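Take a look at the structure below.
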Amino acid sequence: GAALLSGFKHATGDIIVTIDSDGQHNPEDIPNLIKPIISDQADFVVGSRYLGSSNYKVPLHARVGENLINFFLRFLYRQNVNNNQSGFRAFSSQHSRIFNNIRDTKFGLCTETLFKVAHYKLRISEVPINVNIRKYGKSHVALFKIIISISYCILIYFVKRFKLNRFIPNRVLATMKNKIGLLINKFS
1 GAALLSGFKH
11 ATGDIIVTID
21 SDGQHNPEDI
31 PNLIKPIISD
41 QADFVVGSRY
51 LGSSNYKVPL
61 HARVGENLIN
71 FFLRFLYRQN
81 VNNNQSGFRA
91 FSSQHSRIFN
101 NIRDTKFGLC
111 TETLFKVAHY
121 KLRISEVPIN
131 VNIRKYGKSH
141 VALFKIIISI
151 SYCILIYFVK
161 RFKLNRFIPN
171 RVLATMKNKI
181 GLLINKFS
């Protein structure tokens, strides 16, 4: 995650594309991914395995998680992104500055970038992509860590969306984040 954020800051092109390194995504889908940005129909595009063809079965817990995240994205910002954990994304580099203060550089990065894009009212689109079975490595992501990180992210954007930070001091949110971080480390 930290490497991605560094890349966003140093990218020089007009459009920034991210792609997972495990071989699941096909680079040949990049023209389709960036087309909505080029035609000024979207500012941020997510490649969706649910709209394209896939040789990969999404585990039930991942599908349930994506549905929950999508529920909160729709509830808070009226945005709908079914494959919200896809790492195959594109966005106009003119919007890269909104990612300068991302809180989660690990497990909640996909979620936080999406919520941040929605919070700034950028146009989000999903396009079909082809997804293959993972070719390289295996996932080292712990389900519990993801749940805690994403829950905290949703809480933060809930507070932002409804301007509850007038009632909840930043130090309370910072304390919650520290406690959640300790909880994650305890179970790592």
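According to full-length UniProt numbering, the sequence shown holds residues 1 to 188 in order. Built from N, CA and C at the ideal position, the CB exists for glycine as well. Predicted model, so just to flag it, every value in this text is computed and none were measured.
| query | According to DSSP, which residues form a beta bridge with Ser-92? | reply | Ile-15
| request: Report the residue from Thr-12, Lys-163, Ile-30, Ser-151 whose alpha carbon sits nearest the alpha carbon of Ile-69. | output: Ser-151
| field | Closest by C-alpha distance to residue 213, when choosing among Ile-38, Asp-14, Phe-158, Cys-153 | value | An answer regarding residue 213 cannot be provided, because it is not within the stretch 1 to 188 covered by the chain.
| request: Just the C-alpha distance for Tyr-157 and Asn-84, rounded to the nearest angstrom, thanks. | output: 16 Å
| In terms of DSSP beta bridges, what is His-25 paired with? | Val-131
| Which value, in whole angstroms, describes the spacing of the CA atoms of Ile-34 and Glu-126? | 11 Å
| From Leu-51, Arg-166, Pro-128, Phe-75, residue whose alpha carbon lies closest to that of Phe-115 | Phe-75
| query | Does DSSP put Val-81 in a helix, in a strand, or in coil? | reply | coil
| Phe-44 in three-state terms, based on DSSP | strand
| Within 8 Å, strictly: CB atoms of Ile-124 and Phe-72 | no
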